[in-house]
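In order, the protein sequences belong to chains A, B, C and D. Residue numbers for the first sequence follow the numbering used here, beginning at 493 and rising by one. Residue numbers for the second sequence follow the numbering used here, beginning at 157 and rising by one. Residue numbers for the third sequence follow the numbering used here, beginning at 28 and rising by one. Residue numbers for the fourth sequence follow the numbering used here, beginning at 17 and rising by one.
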Amino acid sequence: MPKLKVSLLTGRTIDQGKGKEMGKLSKEYSESVVICQMDPNDMKFLGIKESTNVKVITDFGSVVLKAVKSARVPHPKVAFIPYGPWASLIMNPRTHGTGMPSMKGIPAEIEPAPNEKVLSLHDLLGQFRKEGQP
Amino acid sequence: MITLYPKRLFKVPVEAECICPDVFAEKSAKEIATLQIWEGNRKRTLGDLFKIKHETDSPTEEFTIRICGDVSKVRKIGAKMSMGNIIVEGDADMHLGEEMKGGIITVTGNADSWTGSMMKNGTIEIKGNAGDYIGASYRGSTQGMSGGKIIIHGNAGYEVGCFMRKGLIKVHGDIGRFAGIHMRDGTIFIQGNSEGRAGAQMINGKIVVCGYIPSILPTFTIDDIRPKVKVNEENVEGPFYRFVGDLADGGDGKLFVSKTKNPHLSSYEEYL
Amino acid sequence: MTVVTGVTCPVCGTFCDDIELVVKDNVITDVRNACAMGAAKFLNYSTHRNLRPLVRKNGELVEASIDEAVKRAAEILVDATYPILYGWSNTSCEAIRVGVELTEEVGGVIDNTSTVCHGPSVLSIQDVGIASCTLGQLRHRADLIFYWASNPWSAHPRHIERYTMFSEGRFQKSAWRGYLSRLGGIMSRKRLRRAANLVLRRDVFATPEVERRLPYSMFQKKRKMVVVDVRNTRTAEAADYFLQVEPNKDYELLQAFRMLIRDEELDVSEVAGVPVEILEEVADVMVGCELGILFFGVGLTMSEGKLRNVDAALNLTRDLNSHTKFLIMPMRGHFNVTGADVVFAWQTGYPYAIDFSHGYPRYNPGETSVIDILCRDEADASLIIASDPVAHFPQKAAQNLVKKPLIAIDPEVTPTTLMADVVFPSAFVGIEAHGTAYRMDHVPLPLKKIVEPPKTCLPDTEILQRILHKVRKLRREQN
Amino acid sequence: MDIAIKDGKIVEKVDEKKAEVVDASRMIVMPGGVDIHCHIAGAEVNSGRILRPEDHFKDVEAKTALTRSGVGYSIPSTFTTGYRYSRMGYTTVMNPSMPPLEARHTHEELDDTPMVDKATYPLLGDWWFVLEHLRDGLLEECAAHVAWMMSATKGYAIKIVNPGGLEAWGFGRNVKNLDDPVRYFNITPREILRGLCRVNKLLNMPHTIHVHTNNLGQPGNYLTTLETMKCVEDLAEEGHPAIHITHCQFSAFKGSDWGTMSSGAEEIAKYVNHHSHVTLDMGQVIFTDTTTMTADGPFQYGLYQLSGNKWVNHDVETETSAGIVPFRYKRKSAVHATQWSIALELALLIKDPWKIYMTTDHPNGGPFTAYPHIIAWLMSGVARKKTMSKISKRARRKSLLPSIARELGFYEIAIVTRAGQAKALGLKQKGHLGVGADADVAVYDINPELVDPSKKYKTARRAFKRAAYTIKGGEIVVKDGQIVRPVFGKTFWVDVKTSLPIEVNDDIKRKFREYWTVEYENYPIPDRFLHVPAPIPVKAEV
């Protein structure tokens, strides 16, 4: 399976901003943040189409997201994920004494995952409870 | 010699500025046990958290405090000490030897961030790794380490020697980014690799990198190739590229980078 | 039906105060002047909300009375030896004032969302200082506007229109018309390209060569906008010039500019993927402007270099003041994150990450900041207000947060309230409760109460006061 | 003599059987201290706090059962500010620098500053409305707008900082002298000063215009200061002050550059001694590490260039600017030592203590906690000599201090630290212990009949550092230098009644939108916003 090394960015989008104000449980919100915006040429390289699921892996975790074509091209080998519970799973928590984790420019790997499902918010939070609590 | 054994595993930060030869000296084990320390927001005594064993010193020996057990949540050990020894057998938490004026601290394990920050004199030796901001200044201040030695046998983190003014930091292993940021003077000697941005915004002082460095900041200019470089009394064999910077700050710091370990920097030679 | 004017918008740091709301029977039915985010908030704020306090019993969140929830929350805080009280940037200064007092009372750590947005900026301001201003100053005077690693089009949608390029000032005119004509050009180029793609059947979209000269408009004596970013954003499209920087290389680029401004020469041919010729031209434009402003976003604080990226940016603008007037401002995200910093500072001396465990304020981000405390698993309880760390903190921090007793005060249902042990549904400040908040440039403005909240949803200020009162009572009983 | 207190006021007498008795025999009793000029709250001060963690971390105050925690040193947190003033027997403090647009901020902080009554002065000298109205000769319109501004910002006095210079600083420039026109506005600093002085009179403001001169902090500026005082000479009514020159020390430099800088105190004192329309405050320099902060943007930039220290600038649209630079005054620096000397020379050479008041321009010359030291210098030639022996030789040679024998007595100290200040501020119920006055009393543990402060200046210093009692509004709030009862103070503001208040029509609202980036209706602060508002109604002549 092809794998692509990218520099991962997270950030705001207007849809995420709107979705957030509509409520974290709204469909608008989760739809706006379970995506991974990629350069079309990178998608071609991975052999995936719009909305194919991909697995994004960093040193700190992995998450399945929907790949979408970025409207702001070109940005080869740069992938963008809006802020949200999904992006948080793979962020770099190290602050190097600054209080600030790294949320932009994290080295990551992307691979196609057409058969894996994007976690629902419920399932995602369920994973948190596992450690130590009922 | 006083030996401290933690009675249990600490979960919240413990702050024990009193673990310091200057404070312990002339005190009986009983008095030492009543010294106040903080566990989170609770006031405790040293005796609450540590078993304290007093052994009579041989008269020739310097006053020594030995800590056996996990003190990786105990901060400010040896802060402001001016004499004697502290030996930590295990890991130590942040601010070890902060504002230290003399004496020797030895840690057999790792030490966390701000080790030796604002220190004025004395020696800190870490057998394991160290965290970030080693020998740095307090937030907002430009008064970093102004004397003494910090020797780290393992790796060190980011912003080591931030606003450093004098003294020596020696790292046997690798170092993170921004070593010697805003450095005013003094020496940072790195035997391993640097993650980069060494010497950023330095005004003066010396940084020696014996290993690999991914790139040199564009605000440094190449000055010379030197066969060896002197670090305190020690001669370190090169050859080294010598860069000068940080020019963005009008600095005149010297950054020595091994030539053999960094063939990708050879393009700088055309500017010589 | 009534129309309420001059409403402040409790969403982003732009904190527009010209919103008009149409209210009918205690319901907001229409929003004027707001951006998409603001309109979404005013029209949908109450769709996903809790109406009653919740307390976790046997693993389940169940409805409780406010008194019961207050008691449970107070017990958690009194028992804790190192609690964190986090959030604050989406509530009023009045609530934050009580929050600091509560933290002091329980000997905890108080931190606001600066810690994960512009905290590093604060750290470098403490090293360098900052030459800044209020936003109107720029509307009247700025002729060179930089947006560096920030994308106002998405994050602060009305920023450009209200304060910079498209605003009309006393000494500087709006650049709206120029943009419209340029936009026409961009659109037709895009159309042409698409047609070419179809006809030639090959991708003309390939990375274009970096041009070696700035566009003509950059040398004209008029308002101009430069965007520096790792991606070609919507904002970048509206700019006179877009400078694309390689990810994690902002520091090098900023420092290189500083050198050029000192008339030093670079030993390299390009920096951060940008040819030095271009840098020299941009530096000339900086030096030659009447009044320049550099807005920077979290693109600087969250990427490699963090505080030092900002350090370089602050130094760059400071250096430029020996040639012209040049100012700089962080683009603050939440509508009152500035207020949280401000209130913390006047009560404690420090703007965020303040540790009260020894009875007085102590400050050392990296040690007393909430991400570090959570990653080291040191906190034994937490109170989260008006923030959603479970959704936005790195996994390890979020996991350690939910492991320990967690109190959440939030008008909305969020991942954090879902995972909490005590939940207080609050009134939406700026819609259902009044107060004060600070715009990103430190201008304080009133938050208005437009409609009545549900009876069971108290304002944040009152919830916190009740908890504080109960904490004091419990502590008196203990002694 | 007994002082009777009832319901927060000083009264003729009370029922001695029921009253609580404070035994102040063998002690000095004074009205509560009044500070006419100290930066303790608002945007500038708070930016200073954020800028300087290194200033706070070694000077902390832990929470007690009664008091909130906080930090010092040069820019203390709000609660600590209130407690520290109160411990020194102060009961009223004036925050002299408020950008009108950020007034809400200043008041939020003042509300969190306990123990003292307070007020704050909006910065109006470079406000576009003022510049335009004065340029067009519309004095009454200008007055109406200033009246509106006092109410909108809950302000107390007209503050003018480097008139014209702050508008020029918007584009990185400054003005050179009183007749240097402000670009785009065609008005000079002289016209601004005279205009606002007239406006002040038209509005019957309790205090005069409060002026930070042009060219502050620059060698040779004593001439500008003399000019500034002269320029309103003809506007003064006999016996009534028309202008207050604040932190005069910073505006009393002679010489053409830093090498030749010397004291201009003699000339200024001479002028003040011969005229009755001026009051001053000292702006004493203390040898310590402090934080300078003024609305004078160009001055602060100059100070940054001089010191290389970190620098904050904050320009406020259509109104003013501000700057902050940390600064250390060193004994061995000839300039700093001369500055130290100038303020004392002014205080001692100006004969009438009702004309010059004790301040450090906190924190610009040093923190207010240094007041007991200044009192010692004022009362004792020995104290002055002792400090003199440690300062720069060059400064010592040039200083006028050795030639001045004057030593202030306790009575004069009471004037320069409270009575004079209250009078200049027009605070009729403060600064004295007569019947009807607010029951703000400070009791210091020093026996004036036994202790000669000229010799025993250390005893005096100690006494003024920790009040034996501070009584605020009739309540004992400090005992033996400890807070025993935390109280809120009032916030005074001047409620000017004009016969024709500004009509708020669409035109005005549109102008607002053009000038500021906030809506008209969000600008004024409602009275209820203040914790304890104390409006002072004043009837204007317009």
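Note that CB positions come from ideal geometry on N, CA and C, so glycine has one too. On a predicted model such as this, the values are computed, not experimentally measured, just so you know.
Alpha carbon to alpha carbon, what distance is there between Leu-191 of chain B and Ser-73 of chain C?
-> Roughly 55 Å between the two C-alpha positions.
Interface flag, Pro-69 of chain D vs chain B, CB-CB below 9 Å | yes
Name the residues in the region 285-314 of chain B whose C-beta lies less than 8 Å from a C-beta of chain A; which are they?
-> Gly-287, Asp-288, Tyr-289, Gly-313, Tyr-314
Pick from D:Leu-516, D:Val-457, D:Ala-438, D:Pro-130 that is closest to Asp-51 of chain D, judged by C-alpha positions = D:Ala-438
According to a CB-to-CB cut-off of less than 8 Å, which residues of the region 198-209 of chain C neighbour chain D?
-> Phe-198
If we cut at 9 Å on Cβ distances, does Pro-162 of chain B have a partner in chain C?
-> The beta carbon of Pro-162 of chain B does not come within 9 Å of any beta carbon belonging to chain C, so the residue lies off that interface.
Specify whether the region 98-114 of chain D and the region 36-53 of chain D touch according to this definition: at least 3 beta carbon pairs, one from each stretch, less than 8 Å apart.
-> yes
Shorter than 9 Å from the beta carbon of Gly-597 of chain A to some beta carbon of chain B?
-> no
Measure the C-alpha to C-alpha separation of Asn-533 of chain A and Ile-540 of chain A and round it to an integer number of angstroms.
-> 10 Å
Is the distance from the Cβ of Ala-356 of chain B to the Cβ of Asp-330 of chain B below 9 Å?
-> no
Going by CA-CA distance only, name the one from D:Ser-396, D:Tyr-531, D:Leu-296, D:Lys-527 that's closest to Arg-477 of chain D.
-> D:Ser-396
Determine the chain C residues that contact Val-328 of chain D at a beta-carbon separation under 9 Å, and present them in chain order.
-> Ile-152, Gly-156, Ile-157, Ala-158, Ser-159
If you measure beta-carbon to beta-carbon, which residues of the region 563-580 of chain A are closer than 8 Å to chain E?
-> Reference to chain E is not applicable here, since the protein chains of this structure are A, B, C and D.
The region 229-249 of chain B in contact with the region 170-184 of chain B per 3-pair CB rule at 8 Å | Yes: at least three Cβ pairs fall under 8 Å.
So what does DSSP say about Ala-160 of chain D, is it helix, strand or coil?
-> Helix.
Take the Cβ of Arg-84 of chain D as the centre, count every other Cβ of all protein chains shown within 10 Å, and call the residue buried at 16 or more, exposed below.
-> buried
Count the other C-beta atoms from every protein chain shown that fall within 10 angstroms of the C-beta of Tyr-427 of chain D, then say buried if there are 16 or more, exposed otherwise.
-> exposed
Anything in the region 183-195 of chain D with a Cβ closer than 7 Å to a Cβ of chain C? List those residues in chain order, please.
-> Gly-186, Phe-187, Gly-188
For Pro-378 of chain C, which residues in chain D fall below 7 Å Cβ to Cβ?
-> Ile-66
What are the residues that DSSP puts in a beta bridge with Arg-493 of chain C?
-> Answer by DSSP bridge pairing: none, since Arg-493 of chain C is not bridged.
Is it right to say Leu-616 of chain A is buried, meaning 16 or more other beta carbons lie within 10 angstroms of its own, or is it exposed?
-> buried
In chain D, which residues lie less than 7 Å from Lys-352 of chain C when you measure between Cβ atoms?
-> Phe-187, Gly-188
Rounded C-alpha distance that separates Ile-358 of chain D from Glu-405 of chain C = 54 Å
Could you spell out where the beta strand (DSSP E) holding Met-356 of chain C opens and where it closes?
-> 352-357
Interface residues of chain D around Cys-120 of chain C at Cβ under 8 Å?
-> Glu-124
How should His-614 of chain A be labelled, buried or exposed, when 16 other C-beta atoms within 10 angstroms of its C-beta is the threshold for buried?
-> exposed
Does any CB atom of chain B fall closer than 9 Å to the CB of Phe-343 of chain D?
-> Taking a beta-carbon distance threshold of 9 Å, Phe-343 of chain D does not count as an interface residue toward chain B.
When the Cα of Leu-557 of chain A is compared with those of A:Asp-551, A:Ala-571, A:His-567, which residue comes out closest?
-> Here the closest residue by C-alpha is A:Ala-571.
Secondary structure of Gln-498 of chain D, DSSP reduced to three states | If DSSP states are grouped into helix, strand and coil, Gln-498 of chain D belongs with the strands.
Give the DSSP-derived three-state secondary structure of Ala-299 of chain C in the structure shown.
-> Coil at Ala-299 of chain C, not helix or strand.
Under the rule that 16 or more other beta-carbon atoms within 10 Å means buried, what is Tyr-473 of chain D, buried or exposed?
-> Buried, since its Cβ has 16 or more Cβ neighbours within 10 Å.
Determine which residues of the region 194-209 of chain B have a Cβ less than 8 Å from any Cβ of chain C, and write them out in chain order.
-> Trp-194, Glu-195, Gly-196, Asn-197, Arg-198
Residue interval of the beta strand (DSSP E) (run including His-222 of chain B) = Per the sequence shown, the amino acid found at residue 222 of chain B is Arg instead of His. Note, Arg-222 of chain B: beta strand (DSSP E), 220-224.
Take the Cβ of His-145 of chain C as the centre, count every other Cβ of all protein chains shown within 10 Å, and call the residue buried at 16 or more, exposed below.
-> His-145 of chain C is buried by the Cβ-count criterion.
Inter-residue spacing [alpha-carbon to alpha-carbon] between Glu-279 of chain C and Ser-384 of chain C = 39 Å
Any beta-carbon of chain D closer than 9 Å to the one on Ala-372 of chain C?
-> Yes, contact with chain D.
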